[in-house]
Every structure is written in C-alpha cells, then in structure tokens.
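For the sequence shown, position 25 (counting from the first letter as 1) is numbered 177 according to this note's numbering, and the numbering increases by one without interruption.
Cβ coordinates follow ideal geometry from the N, Cα and C atoms, glycine included.
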Amino acid sequence: MARNRLNAGELDTALQELSGWSKTEGREAISKTFKFKDFNAAFGFMTRAALVAEKMDHHPEWFNVYNRVEVTLTTHDADGITELDIKLARTMNGFAAA
C-alpha cells in the first residue's frame, strides 16, 4: 500500500467515517482511547490488532492500563497520516465492536 500522506480534505473525510478517532494535538497523527470490560478484553483487542499490524508492517503506538488502550497512529516514513493509518484504525474499530 502506498505511503503517501493524506491531504487535509482526505483526512477530514476519513475521520468522519472513523468513530472516536481524532487528530492528535501537536503531531501528524490520529488517536483514540478504547475502553473494554476488563484487562482480558483489552489485551485480546491488542493481540488481534498486533497480528494485523504485523501483516501490514504498520505498527501502532499504544499504552494499556487495565481496561483502557490508548492508540496513536502515524506513518513514520511519510512523516504523517496515510491510508495505512486509516485502514488500521478501521480494523481496530471493528475488533473493539466485536
């Protein structure tokens, strides 16, 4: 998948379709905090997301405490947000809803 930065219009359109995701203050990134029933559910989400991220060769920045997972996505080689970030965010939303 191409690693070209999204322009402002493309990013705004993508974020309208990504429930809970927003631009990260002070960075060219998007972020979301997921909350789960308990640690086991949060860790299961991270495990599923990690397997997809590895296949995509696109890895999230994340932080986990108990039932909360804070995720930040950016494409370092593009120095900004790309379609890879949008695809992984969409996948994570799907896992969290399952």
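**Message:** Once DSSP output is grouped into helix, strand and coil, what is the label at Thr176?
**Reply:** coil
**Message:** Do Ala249 and Leu225 have their beta-carbon atoms positioned less than 8 Å apart in this structure?
**Reply:** no
**Request:** Output yes or no for whether 8 Å exceeds the beta carbon distance between Phe197 and Val221.
**Result:** yes
**Message:** Taking a contact to mean a Cβ-Cβ separation below 8 Å, would you say Arg155 touches Asp229 in this structure?
**Reply:** yes
**Prompt:** Identify the residues that DSSP records as bridge partners of Arg242: which are they?
**Reply:** Looking at the DSSP assignment, Arg242 forms no beta bridge with any residue, so it has no partner.
**Item:** For Asn216, the first and last residue of its enclosing beta strand (DSSP E)
**Value:** Glu213 to Val217
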